[in-house]
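Colleague: Please read through the structure below; I'll follow up with questions.
In the working numbering, the protein residues as written are 621 to 1055.
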């Protein structure tokens, strides 16, 4: 398998399909087709690669000549022959977080900031980009998804960009900004009076009836591979080294498993040295089926009814929960969860220390990281990466009432001096000024 990517456009050329779907459990091959479940054992399917075919052309040197987007890792993505991406998705910043580190008692802390990912400001842009590549290959003219918000935005935007019709199914109580951020792209939006798990079951039924490409149903194995690019980028941006720890928000549980797969592939192909990496999962206390299982020492998930403001993580019966637990436990990591007030405080903490405005999932990640440091599960000197997966402009409703609007003053220096003196009397502002 070989590929060359233009530095200017990131176009992928010359790809051959040295990948196929196989069952995760019985390992039966299913070739390449829009399906996600093995008919023999009813286990999920996953993309497997011919690593011997990849090895010769996938080197640090060759990757470094390519455009700064996720397509620089094309050999390890399930892309059709001669695929030409239409958007430079991915390669988001990996930032040192010294001020947040000081507040958490850490020394070597990084933020992987997908709050600025193109085109819709979340890591879901990565998975949708790969899913739609296969949707075109399989001949679909309509794409669809069940979503807690970010996926809805991304499918709608990328469908418009690539000339697909789009149908989006969401729980009716989704954040207004995410609803608007789907409708603006012209997608057909279907609001369901029920939980995400109920929405997802409906989509599975529709996928059996209509020839549509559901990115997280019949295209799910391909879609999930897009998450690996978060792991590829972390390793490359650390100077082709693996971190000691990664803290990842968990909804369906796929992202944490795919970052692990990315690290394993880089080791197997000789791009990074092997080392232990601990994986830590983060959930909201009001919907924490994975963290509850990890804490109880259980290998299986007990579904929960979501009751949290972190709607992007509100999946009570996560599809990849079993594999997320396995990834966490095998690595020696842990899972934590935070309440809604803790999540909101963590959103503010990240914004006020590092200038990153994250949505609720990022607040969950930051809040859980604080607990993990307090518990001593992450050592201060270790290299730790927090995955921030979405932008705070999508969930501004959770901050309603947190900030009071000041009365306006007239444009007079005397009035400003009075205002200045009054604000100095507030302890928080005074501390800021003194610092």
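Beta carbons are placed, not taken as given, at the ideal position from N, Cα and C, and that holds for glycine.
Check the C-beta distance from residue 675 over to residue 683 and give it rounded, since I have them as a contact under 8 Å.
Modeller: Contact flag wrong, Cβ pair sits at about 13 Å.
Colleague: Using CA atoms only, rank isn't needed, just tell me which of 930, 932, 929 and 940 is closest to residue 923.
Modeller: Out of 930, 932, 929 and 940, 940 has the C-alpha closest to the C-alpha of residue 923.
Colleague: What do you get for residue 1023, buried or exposed, if any count of 16 or more other CB atoms within 10 angstroms of its CB means buried?
Modeller: Burial call: exposed.
Colleague: Could you compute how far the alpha carbon of residue 952 sits from the alpha carbon of residue 910?
Modeller: Approximately 15 Å between the Cα atoms of the pair.
Colleague: Would you call the stretch 966-982 and the stretch 829-836 in contact, with 3 or more CB pairs under 8 Å?
Modeller: Touching, no.
Colleague: Using a Cβ-Cβ cutoff of less than 8 Å, which residues in the same chain neighbour residue 893 once the five nearest sequence positions on both sides are dropped?
Modeller: If we look at residue 893 and ignore the five residues flanking it on each side, its Cβ neighbours are 861, 862 and 887.
Colleague: Of the choices 778, 769, 781 and 784, whose alpha-carbon is the least far from that of residue 792?
Modeller: Considering only alpha carbons, the answer is 769.
Colleague: From the DSSP output, in three-state form, read off residue 621 for me.
Modeller: Unreliable placement is indicated for residue 621, whose pLDDT of 34 sits below 50; no coordinate value is reported for it.
Colleague: To the nearest angstrom, report how far apart residue 949 and residue 1012 are at their CA atoms.
Modeller: Rounded to the nearest angstrom, the two C-alpha atoms are 31 Å apart.
Colleague: Pull up the DSSP beta-bridge partners for residue 729, would you.
Modeller: DSSP, once it has assigned bridges, lists 1004 as partnering residue 729.
Colleague: Is it right to say residue 686 is buried, meaning 16 or more other beta carbons lie within 10 angstroms of its own, or is it exposed?
Modeller: Buried: at least 16 other Cβ atoms inside 10 Å.
Colleague: Which residues does DSSP list as the beta-bridge partners of residue 957?
Modeller: Answer is 903, bridged to residue 957.
Colleague: Does the stretch 844-854 touch the stretch 868-882, meaning 3 or more C-beta pairs lie closer than 8 Å?
Modeller: Yes, they touch.
Colleague: Looking at residue 752: is its Cβ nearer than 8 Å to the Cβ of residue 731?
Modeller: Not closer than 8 Å, so no.
Colleague: Assuming contact is defined by CB atoms lying nearer than 8 Å, are residue 807 and residue 786 in contact in what I supplied?
Modeller: In contact: residue 807 and residue 786 (Cβ atoms closer than 8 Å).
Colleague: Quickly, what does DSSP pair residue 668 with across the bridge? List them, please.
Modeller: Paired residue(s): 640.
Colleague: Within a Cβ cutoff of 6 Å, which residues of the same chain sit near residue 1029, ignoring the five residues on either side of it in sequence?
Modeller: If we look at residue 1029 and ignore the five residues flanking it on each side, its Cβ neighbours are 1035 and 1039.
Colleague: Buried or exposed: residue 903, going by 16 or more other Cβ atoms within 10 Å of its Cβ?
Modeller: Classification for residue 903: buried.
Colleague: Over what stretch of residues does the beta strand (DSSP E) that includes residue 1012 continue unbroken?
Modeller: Run containing residue 1012: none; DSSP gives neither H nor E here.
Colleague: From the DSSP secondary-structure annotation, give me the bridge partner or partners of residue 649.
Modeller: Beta-bridge pairing links residue 649 to 642.
Colleague: Assuming residue 870 and residue 944 form a contact by the criterion Cβ under 8 Å, report the distance between their Cβ atoms to the nearest whole angstrom.
Modeller: About 6 Å separates the two Cβ atoms, so the contact holds.
Colleague: For the beta strand (DSSP E) that residue 787 lies in, which residues bound it at each end?
Modeller: That run of the beta strand (DSSP E) goes 785-791.
Colleague: Here's the rule I'm using: 16 or more other beta-carbon atoms within 10 Å means buried, otherwise exposed. How should residue 1041 be labelled?
Modeller: Result: exposed.
Colleague: Which value, in whole angstroms, describes the spacing of the CA atoms of residue 1006 and residue 809?
Modeller: When rounded, the distance between both Cα atoms is 32 Å.
Colleague: When the cut-off is 8 Å and only beta carbons count, does residue 641 lie next to chain B?
Modeller: No chain B appears in the structure shown, which is made up of a single protein chain.
Colleague: Mind checking whether residue 802 and residue 784 have CB atoms under 8 Å apart?
Modeller: No, the Cβ-Cβ distance between residue 802 and residue 784 is not below 8 Å.
Colleague: In angstroms, rounded to a whole number, what distance separates the CA positions of residue 930 and residue 960?
Modeller: Using only the alpha carbons, I get a separation of about 7 Å.
Colleague: From this set, 1037, 980 and 680, which residue's C-alpha is nearest residue 856's C-alpha?
Modeller: Answer by Cα proximity: 680.
Colleague: Where does residue 999 land, buried or exposed, given buried means 16+ other C-beta within 10 angstroms?
Modeller: Flag for residue 999 reads exposed.
Colleague: For residue 813, which residues of its own chain have a beta-carbon under 7 Å away from its beta-carbon, when the five flanking residues on both sides are left out?
Modeller: Hits under 7 Å: 792.
Colleague: Note down the Cα distance separating residue 991 from residue 968, rounded to an integer number of angstroms.
Modeller: Going from the Cα of residue 991 to the Cα of residue 968 covers about 16 Å.
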